[in-house]
Each structure stands twice: as structure tokens, then as C-alpha cells.
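Structure, as C-alpha cells:
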Amino acid sequence: MYSIDQLEAFVATAKTGSFSAAARSLNKAQSVVSQHVINLEIDCNVALFDRSGRYPKLTQAGNTLLRHATVLLQQHQRLTYCAQHLEKPFISELTIGLDEGIPFQKLSSIVNQLELDYPNTSLEIFTASSIDIVDMIDKDKAVTGIIFSELSLPSHIDYESIGSVKFDIYVASSHPLAQQHINNTAKLKLHRQLLMRSRNNKSSDFQLALSPNIWYADNYYVLLELTLQGNGWCLLPNHIANDYINSGQLVLLPSEFKDMGWQASVDVIQHSRYSLEPMVKHFRHALRQLLTP
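Position 39 of the sequence shown, counting from 1, maps to 121 under the working numbering, and the rest follow consecutively.
Following this line, the structure appears as C-alpha cells:
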């Protein structure tokens, strides 16, 4: 019967493309990884890799098994987290990562209620881009993240959608685009774009680079200031731009299309090791009210 070690070796080899790379990722000797895969093939009575080329290539049977093995390993990891939780006291520290583009007016009341329910809790709140928050949750440097939805998340991160935030394209009232009627995106490419990007140079899924001339920031309020100074056009959350629209400093991009903006979904994310913690679960449920009117 196959073992967890065999499945880990098999999945790692499939993902990295070689036995040597799999061994490095698992911090094991290459011979050990290779033998685990061979033993798994013996147990399954089928070849999982075609070894005729320079690098092992999944066979049809290997592709079929890979999907099931990946899910099984994810469930095994959750079981491990659960077992570890049984012998440890509940966490007393809550670290929250918040994307600044998400309205946070209700967050203080949610936190105040949490303090009443769990008075011994130590709290830390930091702001960062959504991608940076995902990275911190992934590396266990934060417990909860409130982010704009990403199409791809690590398998051990749980998420729950709590609403959405409307984005639109804005320019300063003094910017040349403010006096033009945009009938296609080609005109946007003629002007500098101001774009959100994480500290590791990654952009969110809905932050598309259209212009060849781009200035980047990892903070929506920095992008706002750059936009107000006429440095380019920018996709901004409406709640951040509204006051400046009312004062005449910003202009919603005049467009042939009724709506060139974006309704960005907002998620609460947590590492699966913490998702069942009573305090963390309580806080996640409370955050469902964050974006309600």
C-alpha cells in the first residue's frame, strides 16, 4: 500500500519536473525520492513517469493519479494541523493584514466586539497590497487577511468572500484625458498608467498593465496622490476617489463605454491551520458585516 512519503515524492517530481529538483524541495536524497516513486509504481502496478527522455514525463496513468494524490496530501496536511491543534492552547495573538483599497470604517467596531468576547487577545493590524498579504499568510506571518480576490491561492489558505468594492478609471481634472472622450483602450496606452504592484513586483489579477509607460506603487493612497498631480490615469476604488471627484480635483474617465471600471471581490483569507480556532472563526464571521451598508 502506498505511503505519504511515496505520494509526496511523486507529486513533488511531477511539479518540479525532475527527481533531483523534487529531492531538493523535499530536503531528501535523490535516491530516496526515486525509490519512493518506484515503490509507488510497483504498488499501483503501472508506470507513472515516462523516463525515455532527459526528464521524467507523466504518463496518462500518472496524470490521473496526480489529481487524487494532490488532494490527498492537502487533506493530510489539514489533518496534521488539526492534530497539532489538539495539544496546543488556543492562540492569543491575532495579526490582521488589510489591503488599503478596502473600506475599513467598520473594522474598529468589529475589533472592539472581538476584544469584549476575547479580552486577553493581543492584536496587530497592518496594511499592504493583497498579494503581499497572501504571501504573509502563506509564510505564517499573519493570521487573517482582508484582500481583493486573487485567482490563485496556495492550497492551504482558506478564503471566504464578503462582498465587493467598485473601481473606476480616474484622471486629474488637469490631465489631457479629462478633456477627451475615450472610445477604446488604445487611447489609454498613449498616456502613463499608475498601477498597483506588490513589494515582490507582482500585480493583482485585475490590475492589468495596458500602457508601455507605467509608474508603480504598493499603496492606493500613493497612487491617488500621483493621479491628483496629473502623472497619469489610474484604476482606483470609488470610496477613495469620491471626495476628490466632489471637489473637482479628479475626473471619472470620459468613455464611450458605460462602465470601464471593475467590481473587485473582497475575501477574508486564513491559513488552514487557524481556520477552526474559535477566536479566528468568530472574527472571520464578524467580517461578513465589513462591507454591508
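Think of the CB as a built atom: it goes at the ideal place given N, C-alpha and C, for glycine as much as any other residue.
Within 8 Å, strictly: CB atoms of Leu305 and Ala299: Against a cut-off of 8 Å, the Cβ pair of Ala299 and Leu305 comes out as a contact.
Contact between the region 175–186 and the region 205–224 (3+ Cβ pairs under 8 Å): As far as the Cβ criterion goes, the region 175–186 touches the region 205–224, which means the pair count is three or higher.
Segment contact flag, the region 240–250 with the region 368–375, C-beta cutoff 8 Å, min 3 pairs: Contact holds: three or more Cβ-Cβ distances are below 8 Å.
Burial state of Tyr302, where buried means 16 or more other Cβ atoms lie within 10 Å: With 16 or more Cβ atoms within 10 Å of its Cβ, Tyr302 is classed as buried.
Exposure label - Thr146; buried when at least 16 CB within 10 Å: So Thr146 counts as exposed.
Opening and closing residue of the alpha helix (DSSP H) in which Thr209 lies: It is not in any alpha helix (DSSP H) - Thr209 instead sits in the beta strand (DSSP E) that spans 204–209.
DSSP state of Glu123 mapped onto helix, strand, coil: DSSP, read as helix, strand or coil, puts Glu123 in helix.
Cut-off 7 Å between Cβ atoms - residues of its own chain near Ala151, not counting five sequence neighbours on either side: For Ala151, the CB contacts under 7 Å within the same chain, skipping 5 residues up- and downstream, are Leu89, Phe92, Val93 in chain order.
Endpoints, the beta strand (DSSP E) within which Ser246 is located: The continuous beta strand (DSSP E) containing Ser246 extends over residues 239–254.
Continuous alpha helix (DSSP H) stretch holding Ala91: start and end: From DSSP, the alpha helix (DSSP H) with Ala91 extends over 86–98.
Extent of the continuous beta strand (DSSP E) to which Ala299 belongs: Per DSSP, Ala299 belongs to the beta strand (DSSP E) from 296–299.
Between the CA atoms of Asn313 and Ala103 - distance to the nearest angstrom: Those two C-alpha atoms are separated by around 45 Å.
Counted within 10 angstroms of its Cβ, other Cβ atoms place Asp214 as buried (16 or more) or exposed: The residue is buried, with at least 16 neighbouring Cβ atoms inside 10 Å.
Other residues of its chain near Val362: CB distance less than 8 Å, five sequence neighbours each side excluded: Closer than 8 Å at Cβ, skipping near neighbours: Ile173, Leu176, Val225, Thr226, Gln352, Tyr356.
Same chain, Cβ closer than 8 Å to Leu155, neighbours up to 5 away in sequence not counted: Within the same chain, Leu155 has close Cβ partners Ile86, Leu89, Glu90, Val93.
Same chain only: Cβ atoms within 6 Å of Gln84, ignoring 5 sequence neighbours per side: Here residue 84 turns out to be Tyr, not Gln, going by the sequence shown. Cβ within range, chain order: Leu122, Asp125.
Close-in-space but distant-in-sequence residues of the same chain around Tyr326 (CB under 7 Å, 5 per side omitted): Take Tyr326, set aside five residues on each side of it, and the residues of its chain with a beta-carbon closer than 7 Å to its own are Leu310, Leu332, in chain order.
Where Ser347 sits in the DSSP three-state scheme: Correct three-state label for Ser347: strand.
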